[in-house]
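Per my numbering, the very first residue in the sequence shown carries number 3; after that it's consecutive.
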Amino acid sequence: MDYLKIIFIYIGLIIGAGFASGREICEYFNFCSNTDYTGIIIASILFSFVCYIILKKSAKYEIYNISDYIKHTFSYSKILQKFFMCLIFADLAAGLIVMLSSGGEILSGFLNSPKIICSAVTAALCAVVFIFDIKGIAAVNIILVPVIIITITVICLFSILSKIYSPAFNPVYFLTGFDRNMIFLSICYVSYNTLTAAAVLSPLAKTIKSRKIILRSSLAAGIITGLLIFIVWLAIGLNFKTLWYESFPMKKLAGMIDSNLGNIYSLCLLFSIFTTAVSEGYGILSYFSHDTILKRAALSIIIFGLTLPLSVIDFSYLVKNLYFVMGSLGMLWMIVILADYLKDLKS
């Protein structure tokens, strides 16, 4: 169960609205006349590596929250501690705003209600999960993440095998599409998605019994994520001209196969939004003392009260601009945890 808990919580953090909608993959991996998948391979390796480093450090030094993780990493500098505490907090808040925005956008289509009300419904559901602390986060991810993975895989494979594609696609370019810096973009993508990973993974270190669990679960999570990126990238690439300007490319793709599949995929999107929203929200909670249900409830009200007004911003605009900015800043954190890991190896 420890393996599954780590794998699904980590993947649940990554495959939120940006990933499941396909918009993230478009922005970072899909480009016109470019079918280079170097970035996907690099991203898969980095996802595994970051998960392994964070869990190993947390288990070794008994670090169970993001504040202690940062303090231990920057024990030599109070200024750096404050900087990265603020950076990761800002990233968690930004991620939560994106999830509330996308959740409100999709729910408003189902309920025919204003987006802000639907975003508030998403927030309320997250607050309910927070009552159960990390056990609630784990339960949600273990139940919903497999459903999300299976749904994304089925839609993509059906599209690929059905040969729903744009004539612009040419398999010859698989090894020649190097006109964009895929290495930089893949690092930026992983940096953004893992900047908040310590906030979610560190609490799991309490239950880890051996290094073998850390290694196997990290490898599995990276491989599964990499394969998911690949099939979404390929399915979107085959329909590039049709999907590029869509806010939710994967939903559009499902609807191209069958209108009912489009509605089913909307539900998958809501699941992915929910799993990431609870992870981002819990990361924010971890900055504060929340050892009682009353404290978690009060903090939830404050957190969602501050982030809800910003959820009215268009989802695709947030993904295109906010993600890239935070990803670039997240590279600093990537360098830090790598340097810290190498330092720990030497000692």
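Every residue gets a Cβ at the ideal spot worked out from N, C-alpha and C, and that includes glycine.
Computed from a predicted structure; not experimentally measured.
Selected residue, minimal CA-CA separation from Ser302, among Glu107, Phe10, Ile133 and Phe160
Sequence index remark: in the sequence shown, residue 302 carries index 300 (1-based). Ile133 is the residue among Glu107, Phe10, Ile133 and Phe160 whose C-alpha sits nearest the C-alpha of Ser302.
Beta-carbon spacing of Ile99, Ile68 below 9 Å:
Taking the first residue of the sequence shown as 1, we reach residue 99 at position 97. Taking the first residue of the sequence shown as 1, we reach residue 68 at position 66. Cβ atoms of Ile99 and Ile68: not closer than 9 Å.
Are the CB atoms of Val192 and Ile44 within a distance shorter than 9 Å?
As a first step, residue 44 is located in the sequence shown; it is residue number 42 there, counting from the start. As a first step, residue 192 is located in the sequence shown; it is residue number 190 there, counting from the start. Contact flag set, yes.
Cβ shell of Leu187 (< 8 Å), same chain only, five flanking positions each side left out
Here residue 187 corresponds to residue number 185 of the sequence shown, with the count starting at 1. Taken in chain order, the residues that qualify are Tyr30, Phe31 and Gly41.
As assigned by DSSP and simplified to three states, the class of Pro311:
Reading the sequence shown from its first residue, position 309 is the one you call residue 311. If DSSP states are grouped into helix, strand and coil, Pro311 belongs with the helices.
Going by other Cβ atoms of all chains shown within 10 Å of its Cβ, with 16 needed for buried, is Leu163 buried or exposed?
Within the sequence shown, the letter at position 161 stands for residue 163. Around the C-beta of Leu163, fewer than 16 other C-beta atoms lie within 10 Å, and the residue is accordingly described as exposed.
Given Ser115, which residues of its chain have a CB within under 8 Å of its CB, disregarding the five upstream and five downstream residues?
On the sequence shown, position 113 is the one that residue 115 refers to. Excluding sequence neighbours, Ser115 sits near Leu109.
Proximity below 9 Å, CB of Leu146 to CB of Phe273
Working through the sequence shown from its first residue, we reach residue 146 at position 144. Working through the sequence shown from its first residue, we reach residue 273 at position 271. Taking 9 Å as the Cβ cut-off, Leu146 and Phe273 qualify as a contacting pair.
In whole angstroms, what separates the C-alpha of Phe176 from that of Ile225?
If you number the sequence shown from 1, residue 176 lands on position 174. If you number the sequence shown from 1, residue 225 lands on position 223. Note that Phe176 has pLDDT 40, beneath the 50 cutoff, so the model's placement of it is unreliable and the number below is only indicative. Computed Cα separation, rounded: 20 Å.
Of the residues Met328, Ile275, Lys253 and Lys73, which one's Cα is nearest the Cα of Ile266?
Position 264 of the sequence shown, counted from the first residue, corresponds to residue 266. The shortest Cα separation from Ile266 among Met328, Ile275, Lys253 and Lys73 belongs to Lys253.
If you draw a straight line from the alpha carbon of Phe306 to that of Asp135, how long is it in whole angstroms?
In the sequence shown, counting from the first residue as 1, residue 306 sits at position 304. In the sequence shown, counting from the first residue as 1, residue 135 sits at position 133. The alpha-carbon separation between Phe306 and Asp135 amounts to approximately 17 Å.
Look at the Cβ atom of Phe10, then the Cβ atom of Ala126, and state whether they are nearer than 9 Å.
In the sequence shown, counting from the first residue as 1, residue 10 sits at position 8. In the sequence shown, counting from the first residue as 1, residue 126 sits at position 124. Contact: no.
At what residues does the alpha helix (DSSP H) containing Val248 begin and finish?
Here residue 248 refers to the residue found at position 246 of the sequence shown. Note on identity: in this sequence residue 248 is Glu, with Val being the wrong assignment. No alpha helix (DSSP H) holds Glu248; DSSP gives it neither H nor E.
Kindly confirm or deny that the stretch 277-291 and the stretch 42-62 touch, where touching means at least three C-beta pairs closer than 8 Å.
Flag = no, the stretch 277-291 and the stretch 42-62 do not touch.
If we count Cβ pairs, one from each stretch, closer than 8 Å, do we get three or more for the stretch 198-206 versus the stretch 56-74?
Touching, yes, given that three or more Cβ pairs across the two stretches are closer than 8 Å.
Going by DSSP, what residue range makes up the alpha helix (DSSP H) through Thr198?
Within the sequence shown, numbered from 1, the residue matching residue 198 stands at position 196. Per DSSP, Thr198 belongs to no alpha helix (DSSP H) and is neither H nor E.
Could you check how far apart the C-beta atoms of Ile154 and Val234 are, in whole angstroms? I think they sit under 8 Å.
Within the sequence shown, the letter at position 152 stands for residue 154. Within the sequence shown, the letter at position 232 stands for residue 234. Their Cβ separation, rounded to whole angstroms, is 7 Å, which keeps Ile154 and Val234 in contact under 8 Å.
Using three-state DSSP, classify Gly18 as helix, strand or coil.
Position 16 of the sequence shown, counted from the start, is the residue given in the question as residue 18. In the three-state reduction of the DSSP assignment, Gly18 falls in the coil class, being assigned neither a helical nor a strand state.
Would you mind reading off the limits of the alpha helix (DSSP H) that contains Pro148?
Here residue 148 corresponds to residue number 146 of the sequence shown, with the count starting at 1. Residues Asp135 to Leu163.
Would you call the stretch 72-84 and the stretch 243-263 touching, i.e. three or more CB-CB distances under 8 Å?
Here the stretch 72-84 makes no contact with the stretch 243-263; the two share fewer than three CB pairs at distances below 8 Å.
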